[in-house]
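To start, the structure under review is shown below, and the notes come after it.
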Amino acid sequence: MLEVIAQLCGGIGLFLIGMTLMTDSLKEMAGESLRLWLSKFTGSPIKAIFSGIGLTLAVQSSTATTLATIGFVSAGILTFSQAIGVIIGANIGTTSTGWMVAFLGVKFSIAHIALPLIGLGAIFKLFSRGRLSLFGLTIAGFGLIFFGIDLLQVAMSGFAERVDLSVFSNNSFTTQLILVLVGLVMTVLLQSSSAAITATLAALASGAIDLSQALGLVIGQNIGTVATAILAAMGSTANAKRTAAVHVVFNVISAVLAFILLKPAFLWLAEHSQVGTWDDVIIVAAFHTAFSVLGTLFLLPFLKQFEQLIVGLIPDRTPSILCYLDQASFSVPALAINAASKVIYWSIGHILILLKRAIQEGRLPSNSELQQLDEILKRVQQYLEDLSVSENELDQQRLMAMLRLMVYLRVLRSDLEAVEHAEHIRTQPTIYQMGLDYIHVLDNHFQYVDEFNRLTEVASLNRELLNLKQWVEEQRAEAREKVIEYATVQHLSAARSLELLAAQRWLDRLIAHTQRLANVLQETESMLDDVEKRKYYAATQ
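In the numbering used here, the protein residues as written are 1 to 541.
Listed below in structure tokens is the structure:
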């Protein structure tokens, strides 16, 4: 019995290692195309569902798709509406593993070529670089999967000889419910529905369990996948939590429909079609796909109402820009950088609004506003410092661009520290007009989009600020004379006159610093556009 348990553990272990290698390497090879795919092909519910199916087929892991989707939602790349379809599609796509195992691992065993595949993959990994090296990991993982399946079948044959599971063969509600719970626990413990379903198919093929037991286990194993999604969504944005909730609700609905409708139908079909026992594994694979499709067809007409229900159950009680700084996105650095960029761009807009309000209306920012801003800047700086982008050159360029923006953002924050000068600007016509010209340029390039005040047409903004900066420099001496003349005519004290001159210098610096920031923004956007083009070109080759 110990030998059987050892073989069972070894088979599951080899399968899990193989799945991890294959999934991680496929995901790495997909690279930016994963993000491009989801951002471009989720415009409608049907497109989003097919995107979820396609992505899961590509990386061979619904968990990877679900976690990536939660990360995309946290980073603001996908809306919650788009994520619903992707999650539903991922649940259909993950059933491909069952078909692969049924045909290649059980019905037509390819275990005899598993070891050569592992060796070939190791050669590619050791003696090549880039995509070819990743391809080596993929085929090595593929070989480990089927070597593990072969070991599982041997273990399950020995298990069937030593353990009597006939107590679970009756079709009572209690027995079937226990099987569902056992399947759920299997997935939670193994952290992989694919591994749990593979173990079930191996047990079925070796005669350790019958078809009815296998169907009950598969229902539970499908529900068990929600555990990872729930853990990933903890502490994330409300939309990320809603996305995880979609995964939970969809899987539960699909399981209920499968338990009540599909399982009896498939058992009847198996009994009356008089197929051989070896075909039971095909029936289980078909059952797994069928109940995911049934759940999709059930929800598809009510997706809008389903979305409203989830939003109502999980309201966004603490809207904060900091919610985007979700460390769950660290697994996909491009997502984390995108999330940080949202916070940085929001902070730029927020500082400029505070400055604009102070100059135009005389309303100075409160201490609480400044403290909140400082906390945001501190958090995003720490977030970027904690982020690791390994050897990905393009992600490194993105990260450096964000860190450079942070430097100039800090400079603008230091200008806000002396914002009391804005009160003096409003009292002197010449300086005040310069301040109004500055505000006019900003107003031309502010757009309120997706809860953010964003600067638009950055190249034009940079050009206009550069013109304003040059004009201010040309008028500096004349403006200074007008300030002194104004102080004399108004019989201002020396201290008051010095305050006006200090306000003029502050406004000069503010315009110059804003122009430098706009220039860095333009360079950053130009660089990122170039990166996107190169990434897209690489992804389409």
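Glycine is no exception: its CB is placed at the ideal position from the N, C-alpha and C atoms.
Since the model is a prediction, treat every value here as computed from it, not as a measurement.
- The residue among E499, R413, G224 and S25 with its C-alpha nearest the C-alpha of I431 is E499.
- In the structure shown, the three-state DSSP call for M234 is coil.
- DSSP, read as helix, strand or coil, puts L492 in coil.
- Secondary structure note for L78: it is in no alpha helix (DSSP H), with a DSSP letter that is neither H nor E.
- Around the beta-carbon of I70, 16 or more other beta-carbon atoms lie within 10 Å, marking it buried.
- Taking 7 Å as the cut-off, the beta carbon of T94 is found closer than this to the beta carbon of T56.
- Each of A244, N467, E271 and W506 was checked against the Cα of A518, and the nearest Cα belongs to N467.
- For the pair R131 and L507, the Cα-to-Cα distance works out to about 53 Å.
- S194 and N91 have their alpha carbons spaced roughly 12 Å apart.
- Beyond the five residues adjoining it in sequence on each side, R129 comes within less than 7 Å, by CB distance, of no other residue in the same chain.
- Annotation for P116: the continuous alpha helix (DSSP H) segment containing it runs A114 to F127.
- In the three-state DSSP reduction, D395 falls in the helix class (H, G or I).
- The three-state secondary structure of S366, taken from DSSP, is coil.
- If you draw a 10 Å sphere on the C-beta of C9, you find fewer than 16 other C-beta atoms in it, and that means exposed.
- The segment 351 to 364 makes no contact with the segment 290 to 308: fewer than 3 CB pairs, one atom from each, lie closer than 8 Å.
- Annotation for E307: the continuous alpha helix (DSSP H) segment containing it runs L303 to L313.
- Closest in C-alpha terms to I351, from the list P333, L409 and K342, comes L409.
- The criterion of a C-beta distance shorter than 7 Å is satisfied by I253 and G295.
- Put simply, the backbone Cα of L211 is about 17 Å away from that of T174.
- Here DSSP, grouped into helix, strand and coil, assigns V389 to coil.
- Inclusion of A214 and V293 in the CB contact set at 7 Å is not warranted, their separation being larger than that value.
- V281 and G220 have their alpha carbons spaced roughly 17 Å apart.
- For S44, no alpha helix (DSSP H) run applies, since DSSP gives it neither H nor E.
- CA-CA distance, I223 to L189, rounds to 13 Å.
- Here F142 really is in contact with L117; their C-beta atoms are around 6 Å apart, less than 8 Å.
- If you look at A290, you'll find it in the alpha helix (DSSP H) that goes D280 to L299.
- Check the Cα spacing between I84 and each of I344, M406, A240 and Q490: the tightest is with A240.
- The beta carbons of L399 and L387 sit about 7 Å from each other, so the pair counts as a contact at 8 Å.
- Here Q470 carries a helix assignment [DSSP, helix/strand/coil].
- P365 and A422 have their alpha carbons spaced roughly 11 Å apart.
- Residues D415 of the same chain have their beta carbon placed closer than 7 Å to that of R509, with the five preceding and five following residues left out of the count.
- Measuring C-alpha to C-alpha distances from I321 to each of E375, A270, T187 and W99 identifies E375 as the nearest.
- Here I113 is actually not in contact with G18; their C-beta atoms are around 14 Å apart, not less than 8 Å.
- Note that the C-beta distance between A245 and I344 is not below 7 Å.
- Scanning its chain for C-beta atoms nearer than 8 Å, with the 5 sequence neighbours on each side dropped, one finds around F287 the residues L215, V218, A258, L262, K263 and F266, in chain order.
- Per DSSP, the continuous alpha helix (DSSP H) segment holding G224 begins and ends at L211 to G224.
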